[in-house]
Each structure stands twice: as structure tokens, then as C-alpha cells.
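Reading through the C-alpha cells given below for one structure.
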Amino acid sequence: MPKEMLVGQTLAGYAIRSEVGEGGTSAVFRAEHPQHGVVAVKVLREKLRNDKTAVARFVREARYGARVRHPNVVQTLEVGEAAPGMHFLAIEWAKGELLERYVKANAPLPFDEVATIVMQIADAVHAAHAVGIVHRDLKPDNVMYDPATRQVKLLDFGIATDTDMAPEQRLTRAGFFVGTLMYVAPEALSGELVSPAADQYSLATIAYLMLTGCLPFTAKTPREMFSQLLSQPPVPLNEARPGLHFSSAVEQVVMKGLSKDPRQRYGDTCAFAEALRDALANTAAAPLAPGGLLDRMKSIFKR
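Letter by letter, the sequence shown follows residues 409 to 711 of the numbering used here.
Right under this line is the structure:
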């Protein structure tokens, strides 16, 4: 059934009320269920029903998401087939908006807000790491944020990996990667074994973005970004944008999280988040830079 025809229908007990989003692999609907109340239902796109890779990712998102039970992780409610090939995933309805949209409109964010967001994402990711899961696609587009309550909900374990898998199964060939290039750790590009430290790198990139409105590299194309990630240091936090200044403590924390060598990062994501929280708490608010939020993002990686 085409997604346009799903609104108003009942899918495996979920009354589909409206479409709220669409990605390359699935459409997302607001739905109601007698037991779960208001939920989000993801439905695999019709053209991908016979794509084994797409189906496997869809099922993996549900399986890994169900293993992580944490207040800052969107709860997986049910996964199944409403009809042959019509794969669906029902998840908790998260209030707010995508963090990407919020940051694009409001960055640079206040220090206390940055600390609150980073701490919650770190806690969510740490919960995943505790059950042997590396997210591998940590980015603002996979985080729901409610500005009214400052609550964060982590989404999408579709390309996560299990640290219990044999190393040869977790390795990615050099030059190939999974994730989003702007946020992926350098080791994921060079064929190294991806560990929880890769999620810390991605979180440090998100923190950099929230503090400055910029990404830590100046690349304008995927090719340039690939090269810079492997061979160049990130732009120091205090050089990100004219008019912004951060204490040396804040800059040191963020740049340590962005170390190319995962062994030089913090011991875990929570240690990074706590160090950043403490550094920001001891720093006066930074001046706002005028105009052009996320200008480095406007021309790159349109998807």
C-alpha cells in the first residue's frame, strides 16, 4: 500500500493519523494504539521491501533499540510485518523537534543548555555501550530535543554494531564507512575496528556545532571532508567563528574529544560530557557571533 494511502488506515492495531516525516528508507507516521497511546510508526518504503540490506537494517534498528532501556533513548514498542513485505516499527512518541533543526535556528547555544544536551546524549550512548552496542550514526538528525523541558531522546540504531561480534565482522574496509561523514570518527574511514570511542568523537562534533554553529572542518565537498578527516586537525574551537571566545579549558575538552587517535580521547562518553559540563560551568557566557548560522553546512552533503 502506498504511504499516501496509509493515513486513516489501521496498521497492526495502530491507527495512522498523519505523516510526520520521510527518509530514504522509511516514512514516519503519528499513530494511536489502544495500549501504547500516541506513538510513532516507521514503515519501510515500498520500493525497498525486497532489498535484503534495507530490511536487515530496519530489523536491526528495532532489535538494538529494544536492548537499550534508558530515559534518553526512544523506546521500541513493536516490530513486525503488517502484511507480506510491509515492515513496520512502532516507537515511543518523542516530543520536540530534531536537534539539527533546533541548532540550525539557535546556535550558538547557551553554555548551560549545551552541557544539559551533551550530558543526556552521553548517558544514552553510555547505556548502549553498556549492553555492547556502538551507535555509529550519532548526529543532531538522530536526536529529538524538547526545548521546553530540555529533554533529549536518542533515535535510530539502524547502523549500530554489536561489540560482541567477532572483530572481522565489525571491520569496515578502508575507504568505506557507515554513518554520516560530517560526524563520523576518522578511524571509521581508515578500516580500523570501531569502538565506543567513535561515538564520543561524534558527540564532540555535536558539542562543537552547538557551541559555535560550525563544524570542526572547513570542507565544502564530501571528497574534501574525507581527506580532512584523515589528514588534517580540526579547526580549534576558538578559531571557529569571529566574535566567539572560549576558555582554554572548554577548548581543550572539545578538542580532546575530537582527537584523531581514539586512545587520546576520554575513557568514555560520560567522562567527556562531565569534563565539558565542568569546564562550561566555570566559564562566562561567550558572546554571540552575528548572522550566518551554520554557514559551513549550507553547501555540503545535500542528501
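Just so you know, even glycine gets a beta-carbon here, dropped at the ideal spot from N, CA and C.
Supposed close pair residue 487, residue 470 - CB separation, criterion 8 Å: Yes, they are in contact, since the Cβ atoms of residue 487 and residue 470 sit about 4 Å apart, within 8 Å.
Cα-Cα separation, residue 448 to residue 656: Each residue's Cα considered, the two are about 43 Å apart.
Cα-Cα separation, residue 569 to residue 472: Cα-Cα distance, rounded: 9 Å.
C-beta contact flag for residue 691 and residue 649 at 8 Å: Result no, Cβ atoms of residue 691 and residue 649 do not sit closer than 8 Å.
Counterpart residues of residue 495 in DSSP-defined beta bridges: Beta-bridge pairing links residue 495 to 489.
Member of 426, 605, 591 whose CA lies at the smallest distance from the CA of residue 622: Nearest C-alpha to residue 622: 591.
Three or more C-beta pairs below 8 Å linking the region 503 to 523 and the region 550 to 562: When Cβ pairs closer than 8 Å are counted between the two stretches, the region 503 to 523 is seen to touch the region 550 to 562, the count reaching three or more.
Nonlocal neighbours in the same chain, by C-beta distance under 7 Å from residue 624, ignoring five residues either side: Counting only Cβ-Cβ distances below 7 Å, and skipping sequence neighbours, we find 613, 616, 642, 643, 666.
Short Cβ contact (8 Å threshold) for residue 526 with residue 546: In this structure, residue 546 does not lie closer than 8 Å to residue 526 by Cβ.
Every unbroken alpha helix (DSSP H) within the region 486 to 566, with a cutoff of 4 residues, ordered by chain: You should have 507 to 514, 519 to 538.
Selection from 483, 522, 498 that minimises the alpha carbon distance to residue 452: That would be 498, whose Cα lies nearest to the Cα of residue 452.
Continuous beta strand (DSSP E) stretch holding residue 451: start and end: From DSSP, the beta strand (DSSP E) with residue 451 extends over 445 to 452.
Beta-carbon separation (whole angstroms), residue 474 vs residue 420, contact threshold 8 Å: In this structure residue 474 is not in contact with residue 420, their Cβ atoms being roughly 16 Å apart against a cut-off of 8 Å.
The beta strand (DSSP E) enclosing residue 635, as first and last residue numbers: Boundaries for residue 635: no beta strand (DSSP E) harbours it, while the alpha helix (DSSP H) harbouring it runs 630 to 639, taken from the DSSP string.
Three-way DSSP call (helix, strand, coil) for residue 605 in this model: Helix at residue 605.
Contact between the region 672 to 690 and the region 600 to 607 (3+ Cβ pairs under 8 Å): Result yes; three or more Cβ-Cβ pairs closer than 8 Å.
Extent of the continuous beta strand (DSSP E) to which residue 430 belongs: 422 to 430 is the span of the beta strand (DSSP E), which, as asked, contains residue 430.
Length of the line joining the Cα atoms of residue 477 and residue 500: Roughly 12 Å between the two C-alpha positions.
Status (buried if at least 16 other CB within 10 Å, exposed otherwise) for residue 418: By the Cβ-count criterion, residue 418 is exposed, with fewer than 16 other Cβ atoms from all chains shown falling within 10 Å of its own Cβ.
6 Å Cβ shell around residue 443 - same chain, five flanking residues per side excluded: In its chain, beyond the 5 residues on either side, no residue has a beta carbon closer than 6 Å to the beta carbon of residue 443.
Sequence-distant residues of the same chain with beta carbon closer than 7 Å to residue 595, five excluded per side: Here residue 595 has 602, 606, 670 as same chain residues with Cβ atoms under 7 Å from its own Cβ, once five neighbours each way along the sequence are excluded.
For residue 654, three-class secondary structure by DSSP: Of the three classes helix, strand and coil, the one that applies to residue 654 here is coil, per DSSP.
Other residues of its chain near residue 578: CB distance less than 7 Å, five sequence neighbours each side excluded: Unreliable positioning characterises residue 578 in this predicted model, as indicated by a pLDDT of 38, which lies under 50. The coordinate reading is nonetheless provided below. Excluding sequence neighbours, residue 578 sits near 569, 601, 602.
Same chain, Cβ closer than 6 Å to residue 661, neighbours up to 5 away in sequence not counted: The answer, listed in chain order, is 683, 684, 687.
Residue 414 - DSSP class collapsed to helix/strand/coil: When secondary structure is reduced to three states using DSSP, residue 414 falls in the coil class, being assigned neither helix nor strand.
Cβ neighbour criterion (16 or more within 10 Å) applied to residue 564: Result: buried.
Neighbourhood of residue 463 by C-beta distance below 8 Å, restricted to the same chain and skipping five residues each side: In the same chain as residue 463, and ignoring 5 residues on each side of it, the C-beta atoms closer than 8 Å to its own belong to 452, 456, 457, 495, in chain order.
For residue 593, the first and last residue of its enclosing alpha helix (DSSP H): Residue 593 -> no alpha helix (DSSP H), and no H or E assigned at all.
Close Cβ partners of residue 576 (< 6 Å) along its chain, the five nearest in sequence each way excluded: Note that residue 576 scores a pLDDT of 42, beneath 50, so its modelled location is shaky; the value from the coordinates is reported in the next line. Same-chain partners within the cutoff: there are none.
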